[in-house]
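Asker:
2 protein chains.
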Amino acid sequence: MAQTLAPGLDRDRLVAAAFAQLEEDGLDRLSMRRLASRLGVQAPALYWHIGDKAELLGLMAREIYAAAYADAPIAGHWQDWLRRFGRALRSSFAARRDGARLCAVARPPTPTDPAAHADRIAAPLTALGLDESRALLCQAAVISFALGWESFEANGPMRDFLREIMDFDASFEKGLDALVRGLATAREET
Amino acid sequence: MAQTLAPGLDRDRLVAAAFAQLEEDGLDRLSMRRLASRLGVQAPALYWHIGDKAELLGLMAREIYAAAYADAPIAGHWQDWLRRFGRALRSSFAARRDGARLCAVARPPTPTDPAAHADRIAAPLTALGLDESRALLCQAAVISFALGWESFEANGPMRDFLREIMDFDASFEKGLDALVRGLATAREET
DNA sequence: ACCTGAACACCGTTCAAGT
DNA sequence: ACCTGAACACCGTTCAAGT
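As you go down the protein sequences, you meet chains A and B in turn. Residues 75 to 264 in our numbering are what the first sequence lists, from first letter to last. Residues 75 to 264 in our numbering are what the second sequence lists, from first letter to last.
1. Three Cβ pairs or more, each shorter than 8 Å: is that satisfied between the region 215 to 222 of chain B and the region 149 to 164 of chain B?
2. How long is the line joining the alpha carbons of A:Leu96 and A:Leu133, rounded to whole angstroms?
3. Quick check on DSSP: helix, strand or coil for B:Ala91?
4. In three-state terms, what does DSSP make of A:Arg237?
5. Compute the distance between the beta-carbons of B:Val254 and A:Gly256, then report whether it is under 9 Å.
6. Less than 9 Å between the beta carbons of B:Ala228 and B:Ala174, yes or no?
7. Would you mind listing the alpha helix (DSSP H) stretches within the region 146 to 216 of chain B that are 4+ residues and don't spill past its ends, in chain order?
8. Less than 9 Å between the C-beta atoms of B:Pro182 and B:Ile148, yes or no?
9. Assuming B:Ile239 contacts A:Ala192 (C-beta within less than 8 Å), just tell me the rounded distance between them.
10. Anyone know if the C-beta pair for B:Ser225 and A:Leu211 falls short of 9 Å?
11. Can you pull the chain A residues whose beta carbon is under 7 Å from the beta carbon of B:Pro182, in chain order?
12. How should B:Arg103 be labelled, buried or exposed, when 16 other C-beta atoms within 10 angstroms of its C-beta is the threshold for buried?
13. Out of curiosity, what's the CA-to-CA distance linking A:Gly230 and A:Ser166?
14. Since B:Ala119 and B:Leu83 are thought to touch, with beta carbons under 8 Å apart, how far apart are those beta carbons, to the nearest angstrom?
15. Using three-state DSSP, classify A:Val254 as helix, strand or coil.
16. Is there a Cβ of chain B sitting closer than 9 Å to that of A:Trp223, yes or no?
17. May I ask you to report which of helix, strand or coil DSSP gives B:Ala142?
18. Under the criterion of a Cβ to heavy atom distance below 8 Å, does B:Phe93 qualify as lining the ligand MN?
19. Mind checking if B:Val254 is an interface residue toward chain A, Cβ cutoff 9 Å exclusive?
This is the structure we're talking about:
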């Protein structure tokens with residue numbers, strides 16, 4: 075389990091090991107001590123490379139979001155992109171155990187200029203013709219929907235219950251579709 | 075802080091004290107030990123009244139959902155009810171510190187007959203004319219949207235960031251409106 | 001029936017000290 | 001520069017024992 079090899083410990087190796095640990099044990103059992111022992115090191119050693127556990131979770135969340143953006147190339151009508159991004163985001167949450175819960179808890183890792191970050195979030199939709207405030211609304215809505223949906227999916231007993239009473243996958247698709255269509259027909263305001 | 079008075083310790087008093095503790099210290103610091111000391115008792119005493127911490131969180135989550143349903147009387151067009159319920163649910167999440175995170179983690183507290191529980195969830199919308207599967211889709215979509223939205227809101231640094239780049243309250247309203255309108259115009263399928 | 005005391009197996013984080 | 005050892009102040013939960 076613990077490979078003492080390759081002592082070169084850095085942030086990337088740390089994040090990778092954290093994902094492996096997450097897959098094996100889940101978010102509740104992802105501890106600095108267990109992570110350290112997987113890396114063949116004592117827990118305090120991690121704090122040389124990272125400020126605290128919250129920073130580690132933030133880096134992990136960023137990777138989950140990045141994977142979703144990578145899966146949704148910017149092309150076509152903005153509605154198509156938004157639907158595609160919604161699907162990709164849910165897949166990305168689901169690809170990692172407790173992915174949605176992790177992203178709900180994680181703090182945004184870049185405390186840099188908020189306006190610049192907002193531009194980056196809005197970028198795919200502004201590139202397809204939306205103005206920035208509308209782009210941010212669409213992103214916030216789709217991201218919230220996907221995060222909420224996968225939060226239930228990631229909750230074991232809740233998922234079991236939901237899977238018994240409805241087709242959870244098909245329903246996500248329908249809900250996402252409804253949301254995007256609604257956003258497209260919203261009354262234009264200030 | 076610790077009131078040793080009134081030794082009658084039961085589930086209701088326990089849940090009430092847990093909410094008070096949540097308000098003061100947040101979900102991360104809501105521990106069985108702190109809760110016990112607030113009740114003037116040792117931690118193991120709690121386990122006489124409750125199976126484990128997860129059950130306690132489940133009871134708390136149920137109360138949060140119940141408050142939302144209580145705030146949305148069943149009347150008018152189903153779309154109006156759904157919008158109203160969405161708003162009420164977000165308010166209910168926001169009314170308790172870390173309310174959304176709590177509900178994301180909590181397990182459904184009633185391991186009773188799933189079909190009967192589904193009927194109860196769908197009830198407000200079936201009463202207003204929707205068939206059950208459509209009602210469940212609408213509920214799942216709106217609940218997911220509200221939960222996701224408030225998860226970000228409940229995340230301190232994330233909220234600060236979002237509040238700087240958009241009008242988070244007005245955007246919720248617009249997003250919810252879009253979702254409900256989209257659900258109303260969905261193509262009818264099996 | 002309801003609660004305590006003591007214990008088990010853990011946490012995140014700090015910090016002097018080692019190399 | 002990078003890591004260890006020891007410690008601090010915690011966790012959830014179990015269980016014999018008290019009343």
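For glycine and all other residues, C-beta sits at the position ideal for the given N, C-alpha and C. Remember, it's a predicted structure, so these values are computed and weren't measured experimentally.
Answerer: Looking at the atomic coordinates:
1. Segment contact: the region 215 to 222 of chain B against the region 149 to 164 of chain B, three or more CB-CB distances shorter than 8 Å; contact assigned.
2. When rounded, the distance between both Cα atoms is 14 Å.
3. Annotated three-state conformation of B:Ala91 is helix, per DSSP.
4. Three-state DSSP puts A:Arg237 in a helix.
5. Closer than 9 Å, so yes.
6. Yes; because the gap between Cβ atoms is below 9 Å, this pair is in contact.
7. Listed in chain order, they are 152 to 169, 173 to 179 and 188 to 201.
8. Contact flag unset, no.
9. With a Cβ gap of about 4 Å, B:Ile239 and A:Ala192 count as contacting.
10. With respect to A:Leu211, B:Ser225 sits apart: the two C-beta atoms are not nearer than 9 Å.
11. Within 7 Å Cβ-Cβ: Pro231, Met232 and Phe235.
12. So B:Arg103 counts as exposed.
13. Going from the Cα of A:Gly230 to the Cα of A:Ser166 covers about 18 Å.
14. The pair is a contact, with the Cβ atoms about 7 Å apart (cut-off 8 Å).
15. Helix, per DSSP.
16. Taking 9 Å as the CB threshold, A:Trp223 lines the interface with chain B.
17. Correct three-state label for B:Ala142: helix.
18. Of the ligands one can find in the structure shown there are none, so the ligand MN has no counterpart to examine.
19. So yes, B:Val254 belongs to the interface.
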